[in-house]
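So for the sequence shown, the numbering used here puts the first residue at 1; every next one is plus one.
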Amino acid sequence: MTSAPLPRILRRRGEPGYPTFLELFFDVTYIFMLSRIAAGLAEDLTLRGAAETAVLLMAAWWVWVLTAWLTDLFNPRLPIIQATVLLVMFGTLVMAIAVPQAFDGYGWLFVTGYFGIHVVRDAVLIPGTRVNHPIQARSVRVFFWFIVTATPWVVGALMAGTARLALWAVAVAVDLGSARIGWPTPRLGRTELASQIFTGSHLSERHQQIYLIAVGELILTIGLGLSTSDFTAAEVTSAAVAFSGGILFLRLYFQRAQQLLAPSGLTAVERVRPGTSTSYSHLVMVAGVLVTSMSFSLVIERPLGPTPAAWTAVALGGPAIFLVGSCLFDAVLTGRLLWSRALGVVALGALAPAVAMLPPLGVLVVPNLVLLVILVGESAAPRSRLVGVPTG
């Protein structure tokens, strides 16, 4: 029996796996997106504000993940794929513009951008892969689950308050969760979770780039915060402490990523389940960086005086979320717990009561010290001692 021909738009095995300039250009949009999301949380530092921020971040992340997979599975040098990426980029910009008022008057604009991205993507991929049913089925499955979540997204945009938050939370959870189980679809089944459909080197580089974008947003926040300050000694010191924190976030990530993403790790990322899990762990790490970025902006604005409890929570919580994400990333590729970072999470939690007594600048210093201890310890310890018992 003759096998079905490969679609012309498919990326061929053996082609260069490095990201194209267009993909890097697409990521630039996320500096704006992430800064809008972080600023929104700073303006509403409550549990509800945190929940709304989480929903918006997950929706934005899902768009980024689908675009990274698009250029991983299909040839990003073809004009049709490049045009698709540019249209997705425009839709992402629309979503970012709507972010500050997404739970108020601009909910419809956020959903329009989100829906437009999905429609454009699937309008290209489903017809473009029609010569090979198994490959086309992957895009059809994703489109099916897009239809499933359309109702809560649209109805949520028409509602207000808690109803919108609840409906959108369900929708984005289903969007991300359906990928985790292979998008099971009537008559088409699901994408086999052990199948190797990704390009490990390309996908790994894309995740490293979006993490770098998140750290870049953090640096932007520091610069903007200091530029609008009175340049007092406390404000300048806060900016310096924040900048050192950004360096620690960068070093902690890339030090471990370079160890994990050896050829064996890249092979694991090629499979569906590790590939999606890698994306989710990076979502957690990026969330940690964004929360930290927001805490930096608050402290640079007022480095002295009593520290509100919410400020302490985000100053310690951001690094803790990042460490949790890095533990998940490690567990995906090694199957083991990175105990040095797990202990860092415990340390941040244990220090919280004492740190709450410090002024904002002092609160900013403590998580930096914890991250520095982890970085120095991991640099000095043999790799075999960094991990603990298997997680599964």
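We put the beta carbon where it would ideally sit given N, CA and C, even for glycine.
Neighbourhood of residue 260 by C-beta, 8 Å cutoff - its chain only, sequence neighbours within 5 removed:
Take residue 260, set aside five residues on each side of it, and the residues of its chain with a beta-carbon closer than 8 Å to its own are 329, 330, 333, 334, in chain order.
In three-state terms, what does DSSP make of residue 188?
Correct three-state label for residue 188: coil.
In whole angstroms, what is the alpha-carbon distance linking residue 374 and residue 250?
Roughly 13 Å separates the two Cα atoms.
Residue 130 classed as buried or exposed, judged by whether at least 16 other C-beta atoms fall within 10 angstroms:
By the 10 Å Cβ count, residue 130 comes out exposed.
Where do the N-terminal and C-terminal ends of the beta strand (DSSP E) with residue 393 fall, by residue?
In the structure as shown, the chain begins at 1 and stops at 392. Residue 393 is therefore absent and cannot be evaluated.
Within the stretch 216-293, ranges of the beta strand (DSSP E) (whole runs, at least 3 residues):
With a minimum length of 3 residues, no continuous beta strand (DSSP E) run stays inside the stretch 216-293.
Could you say which of 98, 245, 361 lies nearest to residue 233 if we only look at CA atoms?
The candidate whose alpha carbon is nearest that of residue 233 is 361.
At the level of alpha carbons, what is the spacing between residue 393 and residue 31?
Since the first residue shown for the chain is 1 and the last is 392, residue 393 is missing from the structure and cannot be characterised.
CB residue 99 to CB residue 161, shorter than 8 Å?
Not in contact: residue 99 and residue 161 (Cβ atoms no closer than 8 Å).
Answer with buried or exposed for residue 48, where buried requires no fewer than 16 other C-beta atoms within 10 angstroms of its C-beta.
In the assembly as shown, residue 48 is an exposed residue. Its beta-carbon has fewer than 16 other beta-carbons within 10 Å.
Name the DSSP bridge partner or partners of residue 10?
Residue 10 is bridged by DSSP to 74.
What first and last residue would you give for the alpha helix (DSSP H) that runs through residue 168?
Under the DSSP assignment, residue 168 falls in the alpha helix (DSSP H) whose first and last residues are 161-180.
Could you tell me which uninterrupted alpha helix (DSSP H) segments, each at least 4 residues in length, are contained entirely in the stretch 18-59, listed from first to last along the chain?
Within the stretch 18-59, the complete alpha helix (DSSP H) runs of at least 4 residues fall at 21-43.
Please classify residue 158 as buried or exposed, where buried requires at least 16 other C-beta atoms within 10 Å of its C-beta.
Around the CB of residue 158, fewer than 16 other CB atoms lie within 10 Å, so the residue is classed as exposed.
Simplified DSSP state of residue 103, which is helix, strand or coil:
In this structure, residue 103 counts as coil in the three-state DSSP scheme.
Would you kindly work out how many angstroms separate the C-alpha atoms of residue 79 and residue 27, rounded to a whole number?
Taking the straight line joining both Cα atoms gives about 19 Å.
Check whether the Cβ atoms of residue 274 and residue 292 sit closer than 8 Å, and answer yes or no.
No; because the gap between Cβ atoms is not below 8 Å, this pair is not in contact.
Indicate whether the contact test is met: 3 or more Cβ pairs, each with one atom in the stretch 222-229 and one in the stretch 176-194, closer than 8 Å.
As far as the Cβ criterion goes, the stretch 222-229 does not touch the stretch 176-194, which means the pair count is below three.
Between the stretch 251-258 and the stretch 294-310, do at least 3 Cβ pairs fall closer than 8 Å?
A contact between stretches requires three or more CB pairs, one per stretch, nearer than 8 Å, and the stretch 251-258 fails this requirement with the stretch 294-310.
Just to confirm before moving on: does the CB-CB distance between residue 298 and residue 311 stay below 8 Å?
In this structure, residue 298 lies near residue 311, with their beta-carbon atoms less than 8 Å apart.
Tell me whether residue 2 is buried or exposed, calling it buried when 16 or more other Cβ atoms sit within 10 Å of its Cβ.
Confidence at residue 2 is low in this model, with a pLDDT of 43, below 50, so the placement of that residue should be treated as unreliable; the coordinate-derived value is given next. Around the beta-carbon of residue 2, fewer than 16 other beta-carbon atoms lie within 10 Å, marking it exposed.
Residue 305, DSSP secondary structure in three states:
Per DSSP, reduced to three states, the secondary structure at residue 305 is coil, with no helix or strand assignment.
Using the rule of at least 16 other Cβ atoms within 10 Å of the residue's Cβ for burial, across every protein chain shown, is residue 64 buried or exposed?
Around the CB of residue 64, 16 or more other CB atoms lie within 10 Å, so the residue is classed as buried.
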